[in-house]
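Some notes on the structure that comes next.
In the working numbering, the protein residues as written are 149 to 221.
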């Protein structure tokens with residue numbers, strides 16, 4: 149490496165991807181990313197993005213919840 153050059157390490161992020169049918173708006177590609185910067189339960193666990201033309205737009209969020217079921221012992 150020459151003077152002033154910095155070594156950059158790429159970090160891969162896993163995400164969910166697929167398609168959603170929006171009726172008259174048509175079928176759109178979506179991606180769901182884990183919210184790596186989450187600091188409290190009030191912040192979403194995941195963020196939802198939809199592809200519009202060649203750009204991605206954040207359109208929603210998801211929270212992880214726990215369903216507590218009563219179990220007989």
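Heads up, the beta-carbon is just placed ideally off N, CA and C, and yes, glycines get one too.
Just so you know, these numbers come straight off a predicted model, no measurement behind them.
Distance between beta carbons of residue j and residue i, contact taken as under 8 Å
i, j, result
"residue 197", "residue 179", "5 Å"
"residue 177", "residue 162", "Not really, about 17 Å apart at Cβ, beyond 8 Å."
Nearest to residue i (by Cα), restricted to the options the options
i, options, result
"residue 205", "181, 190, 161 and 189", "181"
"residue 201", "173, 214 and 164", "173"
"residue 210", "158, 189 and 153", "189"
"residue 170", "203, 207 and 214", "207"
"residue 166", "175, 159 and 158", "175"
"residue 164", "183, 156 and 157", "183"
What are the uninterrupted segments assigned as beta strand (DSSP E) that are 3 or more residues long and contained completely in the region 177–218, given in chain order?
194–200 and 203–210
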